[in-house]
Amino acid sequence: MTQSLVEEPIQVHVTSTGHAVVPGPAMNSVASPLEADLRKQLARIGKAMHRVGYTPATAGNLSVRLDSERILATPTGCSKSLLQPSDMVIVDLDGHKLSGHRKVTSEIGMHLAVYRARPDVQAIVHAHPPIATAFAACRKPLDQPICSEIMMTTGLVPLAEYATTGTEEVSESLQPFLLTHDAILLANHGLLTYGETLMDAFMKTETVEHFAQVCLAAHQLGGAVPLEDADLEKLRRAKMRYKRNASDEPCNA
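Listed below in structure tokens is the structure:
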């Protein structure tokens with residue numbers, strides 16, 4: 001079960017010109033207000049993910065588009081519970097580090113694969129939520145339309161073929177699903193979600209983990225009853241209305 005999260009303050013110094021200086025070793029350069037905000041978001045949501053058990057130890061990684069040519073990402077080898085804005089690294093679309101005092105995650109390739117295939121995607125979350133990861137370990141996709149919520153948000157969740165972590169195999173395994181899905185189970189590995197904002201990608205991770213819990217409980221109770229095609233069409237229309245009416249600034253963004 002998830003728990004309430006209490007945000008911890010993150011210190012970023014603001015200059016008289018309105019720019020932010022991100023404190024930390026080898027990170028004395030002035031960041032734009034956008035970059036400073038994205039750094040804080042990555043640190044805050046990384047900590048939130050750790051608290052609810054989605055990124056044990058140093059597992060998982062997050063990234064956001066900084067602009068059309070650069071990605072801001074969490075580094076390798078860091079507990080998400082201890083992330084600071086200055087820990088983030090900037091890479092180009094080939095995965096080469098442009099700045100940052102920490103090392104680039106070995107899993108940056110799958111992030112770049114998503115960004116290349118989906119110009120609409122602005123942020124990516126890779127995590128190991130336990131129930132969703134259990135489905136991935138059993139090589140079972142979350143592909144039954146049994147909950148309205150999942151159909152209104154991420155849609156059904158396919159399973160990518162097993163690929164060795166940190167290799168190009170992972171990017172290749174994602175290709176069949178990138179254009180048609182916003183969440184993908186990685187066989188024997190974890191979960192990948194992406195969206196228009198970092199909060200959007202994080203909420204999709206939470207939604208998939210909840211859906212996995214429901215699927216597991218429904219199986220234990222004898223099996224869920226899938227929604228009918230007519231009901232799915234109604235949900236599709238409802239989703240379109242919801243998107244039109246949704247706030248541009250979600251709570252706690």
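Numbering (full-length UniProt numbering), first residue to last: 1 to 253.
The beta-carbon is built from N, C-alpha and C at its ideal position, and this holds for glycine as well.
Inter-residue Cα distance where the pair is residue i and residue j
i	j	result
L227	S32	47 Å
K234	H111	33 Å
T55	Q122	21 Å
E168	G109	7 Å
H181	T154	7 Å
residue 292	A238	A query on residue 292 cannot be resolved here, the shown segment of the chain reaching from 1 to 253 and no further.
T58	R39	18 Å
A136	G95	26 Å
L34	P75	19 Å
S86	S106	19 Å
A218	E206	18 Å
Unbroken beta strand (DSSP E) run spanning residue i, endpoints
i	result
N188	Where N188 is concerned, there is no enclosing beta strand (DSSP E), given that its DSSP letter is neither H nor E.
D231	Where D231 is concerned, there is no enclosing beta strand (DSSP E), although the alpha helix (DSSP H) it sits in stretches over 229-245.
V64	61-65
H126	123-127
residue 282	Look at the range of the chain in this structure, 1 to 253, and you will see that residue 282 is not part of it.
K97	97-99
A224	Here A224 belongs to no beta strand (DSSP E), and DSSP marks it neither H nor E.
7 Å Cβ cutoff met for residue i and residue j
i	j	result
L174	A160	yes
P158	P141	yes
I146	A224	yes
A113	S68	no
A187	Y162	yes
N64	L198	Note on residue identity: the sequence assigns Val, not Asn, to residue 64. Contact: yes.
L72	M88	yes
L82	A43	no
Spatially closest choice to residue i from the options, by CA coordinates
i	options	result
A246	Q213, D200, L221, L216	D200
L185	Q220, S79, E209, R241	E209
R241	L42, S148, P119, M152	M152
R51	I71, G60, K80	K80
T165	R118, G190, P176	G190
V125	D143, A217, K47	K47
Whole-number beta carbon distance between residue j and residue i, since they are thought to touch under 8 Å
i	j	result
A127	M49	6 Å
I90	L66	6 Å
N-terminal and C-terminal residue of the alpha helix (DSSP H) that residue i is part of
i	result
L174	168-174
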